[in-house]
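Sequence lines, in order, name chains U and D.
Going by full-length UniProt numbering, the first sequence opens with residue 1, and the numbers climb by one from there.
Going by full-length UniProt numbering, the second sequence opens with residue 1, and the numbers climb by one from there.
Every residue gets a Cβ at the ideal spot worked out from N, C-alpha and C, and that includes glycine.
On a predicted model such as this, the values are computed, not experimentally measured, just so you know.
The structure appears right after this line, and notes come after that.
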Amino acid sequence: MNLPKIPLAEWIESLEAWLENNLEPLFDFISLIIGGTVDGLSAALDWLPPLAVIAIFAAIAWYIGKWKMGVFTAAGLLIIDNLGLWSQTMQTLALVLTAAFISILIGIPLGILCARHNGMQRIVTPALDFMQTMPAFVYLLPAVTFFSLGVVPGVISSIIFAIPPTIRLTNLGIRQVPAELVEAADAFGSTPGQKLVKLQLPIAMPTIMAGVNQTIMLSLSMVVIASMVGAQGVGATVYRAVTQIKTGVGFEAGLAIVILAIILDRLTQQVIKRPNPQPIKKK
Amino acid sequence: MAIIEAKKLTKIFGHDPKKAIPLLDKGWSKEKILAETKLTVGVNQADFSIEEGQIFVIMGLSGSGKSTLVRLLNRLIEPTSGQLLFGGRDVMKMTAEELRQLRRKNIGMVFQKFALFPHRTVIQNIEYGLEVQGIDKKKRRDLAMQSLELVGLKGWENSYPDQLSGGMQQRVGLARGLANDPDVLLMDEAFSALDPLIRKDMQDELLELQSKMKKTIVFITHDLDEALRIGDQIALMKDGSIVQIGSPEEILMQPANKYVERFVEDVDLSKVLTAAHAMEKAETVTLDKGPRVALQFMRERGVSSLYVVDKSMKLLGLVSAEDASNAVKDGRKLEDIIQRKVPVTYPEALLNELFEMMASSRHPVAVTDENGRLMGVVIKGAVLAALAGNAGTALGGDSSESA
């Protein structure tokens, strides 16, 4: 076979160069927003004394879940503080929450569009497959080119990696609303917007929340990779420990990530299986 | 006045459905069109009109197109061709907004599987149609409560649908359909998912509601007994076409073709025919006549008893030949020998409700109107004739002229 190689790499690089030259103001703007959000959030979490933050999180966990949730959250965060990883963990939390928040902000509307238009779904589904299977390092590079080193390319690549479940499960949840309920909403003269807000989103909510839960977990799994491009936080501690072959430090930092993951997971799980409201039943 | 009028209303499913229209005009069957064009005929050129205040039953086996037809009426399924008028307005030419208004204000709907919204309480379900109209919270709550009381579920407003039994859930469905006070209520197999006993209760309640509210109801069912029980008019469907439209008696007594005939052959006529159908003229005497005259009447007419009425035909009682001849001997008046305990019924009573009464009485059952005036009598022979399907003798003239 003597066919010339397709110059795919060259194409991609010239596209990257074109984007960098022409869309720079846009990238700067995105960078400003994301960087500002992460820095602000992490500064706020770090500004309060750790014990106050721990108390707030434990109270939220208690309120959403059971008392056991509150106790676990308090204990877990106390261990992190004790290990001296507090401010790194708060930086990581800020990164994860920002990535998850932006994913939800983009993902849910996109999922709704997919549920409404089959054409949209046909375009988005393969794009999501691509995003989830392409190794994260590969899109870390253009992210650095566009947004320079720091936390922003970390958030961007976390979003790319973590957003698919929210889109997919929003789409699925809305499509799974029983046809007869949709028909009933139509029969009473609902507008498409009323149907969405009053029927489809409430019924799809547990499924959508399962997607949000997955998105948070996936963005947490990106923190070590994000630290390679300069994102600070407990991920960076792990990365440093790995490069310096310090098993103990690596384990401590890894444990902090695990605790954070369990807390975030259980909290969002609780929101999914919100107990059925108990109405007053009169005989 | 007809509130809904359909002319050649047709629904064809599949790709490029319009091309089947000329084939239907040529009289091709559903099977032939499917084989040649891969198009499915849902509803084939249905012509009918529904009068205001009527219960119009669309009846057919599954796959006959009845559920499709009812959805064409509010365009939940888009008709392929034909004409559809609602209160004189052309439904098929309505814009999306006009159609929404029609669904919000003029047409209510009740579904086979209830289709209640599981995340909303009973009262929130009922007020859904009012809520989407933008009616303010207090007013729509009041209207929904009225609707809830109408179906007898007061006290359950804050329960969730899955806490109610099937029958109660469908009452909620009914209340939701009625909450915006629509002109027409579409009921798609509304009682089919219920137990037989509850189903009968619901039928009774629907008839009672109907007599109070005078709604026009389009009722879909696959159950002939149900159709005969509640329908003023019945449209019988097969393969997407309406095979016959008529009153329950017409469907039973004058089936339009072999299909209808086979459909109705197992029907228990005693649950359909009423006292009015089997009624005959009563032999009467007024109270001012003497026993001698009464005896004379009996002899002339070859009967053994006479009904005694006043001048306005109000039923007073019955006098037998034996009592009359004794009274002639003793010189007593007709008033003294009248038997006031006579089996009486009303014209709408079903024949099967009369069996026990007839078995326990030596006399025919008298039929009176709401003012107590004697309309006729039901004798055993006429009941048997009616049940044997001798339409001519049992039903009189009105059913034969409109077939």
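Taking residue i as the query, report the chain U residues whose CB atoms sit under 7 Å from its CB, ordered along the chain.
i, result
"V132 (chain D)", "F188, G189, S190 and Q194"
"Y128 (chain D)", "F188"
"R104 (chain D)", "F188 and G189"
Which term fits residue i, buried or exposed, when burial requires 16 or more other beta carbons within 10 angstroms of its beta carbon?
i, result
"Y239 (chain U)", "buried"
"A282 (chain D)", "buried"
"T247 (chain U)", "exposed"
"R122 (chain U)", "exposed"
"P109 (chain U)", "exposed"
"M109 (chain D)", "buried"
"T191 (chain U)", "exposed"
"G82 (chain D)", "buried"
"K281 (chain U)", "In this prediction, K281 (chain U) scores a pLDDT of 42, lower than 50, which makes its location untrustworthy; no coordinate-derived value is stated."
"E252 (chain U)", "buried"
"E300 (chain D)", "exposed"
"W86 (chain U)", "buried"
"G173 (chain D)", "buried"
"V152 (chain U)", "buried"
"P275 (chain U)", "Caution applies to P275 (chain U), whose pLDDT of 47 falls short of 50 and renders its modelled position unreliable; the model cannot decide the point."
"I12 (chain D)", "buried"
"G36 (chain U)", "exposed"
"W156 (chain D)", "buried"
"N74 (chain D)", "buried"
"P135 (chain U)", "exposed"
"M222 (chain U)", "buried"
"E131 (chain D)", "buried"
"V264 (chain D)", "buried"
"V383 (chain D)", "buried"
"K30 (chain D)", "buried"
Suppose the cutoff is 6 Å on Cβ atoms and the five residues either side in sequence are ignored; what does the same chain contact list for residue i look like?
i, result
"I203 (chain U)", "V177"
"E401 (chain D)", "With a pLDDT of 33 at E401 (chain D), under the threshold of 50, the modelled position of this residue cannot be trusted; read the value that follows with caution. Excluding positions up to five away in sequence, the list is empty."
"A175 (chain D)", "I126, S147, L148 and V151"
"G167 (chain D)", "L194 and I198"
"L269 (chain D)", "L387"
"S219 (chain U)", "V96, A99, A100, S158 and A162"
"V124 (chain U)", "C114"
"Q339 (chain D)", "G317 and L318"
"S31 (chain U)", "F147 and V152"
"R12 (chain U)", "The identity of residue 12 (chain U) in the sequence shown is Ile, whereas the question assumes Arg. Counting only Cβ-Cβ distances below 6 Å, and skipping sequence neighbours, we find nothing."
Report the neighbours of residue i on chain U: residues whose CB is nearer than 9 Å to its CB, in chain order.
i, result
"G381 (chain D)", "What G381 (chain D) touches in chain U: nothing, since even the nearest Cβ is about 51 Å away."
"F13 (chain D)", "By Cβ distance, chain U contributes nothing, its closest Cβ being about 16 Å from F13 (chain D), past 9 Å."
Run through chain D and tell me which residues come within less than 7 Å of residue i, C-beta to C-beta.
i, result
"L199 (chain U)", "F117"
"P202 (chain U)", "H119"
In chain D, which residues lie with their C-beta within 9 Å of the C-beta of residue i?
i, result
"E183 (chain U)", "R71, L76, M109, F111 and A115"
"E180 (chain U)", "F111, Q112, K113, F114 and A115"
Check the C-beta distance from residue i over to residue j and give it rounded, since I have them as a contact under 8 Å.
i, j, result
"V308 (chain D)", "L287 (chain D)", "6 Å"
"V144 (chain U)", "V38 (chain U)", "16 Å between Cβ atoms; not a contact."
"Q170 (chain D)", "F114 (chain D)", "6 Å"
"V378 (chain D)", "A275 (chain D)", "5 Å"
"M358 (chain D)", "K333 (chain D)", "The pair is not a contact, with the Cβ atoms about 30 Å apart (cut-off 8 Å)."
Interface residues of chain U around residue i at Cβ under 8 Å?
i, result
"Q101 (chain D)", "G189"
Apart from the five residues just before and just after residue i, which ones in its own chain have a Cβ nearer than 8 Å to its Cβ?
i, result
"T166 (chain U)", "S103, I104, G107, I108, G111, I208, G211, V212, Q214 and T215"
"V267 (chain D)", "L224, D225, L228 and L252"
"S159 (chain D)", "T121 and V122"
"P50 (chain U)", "L77, D81 and W86"
"L199 (chain U)", "V177, L181, V182, A185 and S190"
"V285 (chain D)", "V293, A294, F297, L306, Y307, V308, V309, V319 and L334"
Quick one: what's got a C-beta closer than 7 Å to residue i's C-beta in the same chain, skipping five residues either side?
i, result
"T393 (chain D)", "Because T393 (chain D) sits at a pLDDT of 40, beneath the cut-off of 50, its placement in the model cannot be relied upon, and the point is left open."
"I64 (chain U)", "L267, Q270 and V271"
"residue 294 (chain U)", "Residue 294 (chain U) is absent from the structure shown; chain U starts at 1 and stops at 283."
"Y139 (chain U)", "S157 and I160"
"A241 (chain U)", "V249, G250 and A253"
"K311 (chain D)", "T286"
Under 8 Å, Cβ to Cβ, is there at least one residue of chain C near residue i?
i, result
"R301 (chain D)", "Absent from the structure is chain C; the protein chains it does hold are U and D."
Does the beta carbon of residue i fall short of 7 Å from some heavy atom of the ligand ATP?
i, result
"G189 (chain U)", "As for the ligand ATP, it is missing from this structure, which has no ligand bound."
Select from the stretch 86-97 of chain D all residues with a C-beta closer than 7 Å to any C-beta belonging to chain U, and list them in chain order.
For chain U, none of the residues of the stretch 86-97 of chain D brings a beta carbon within less than 7 Å of one of its beta carbons.
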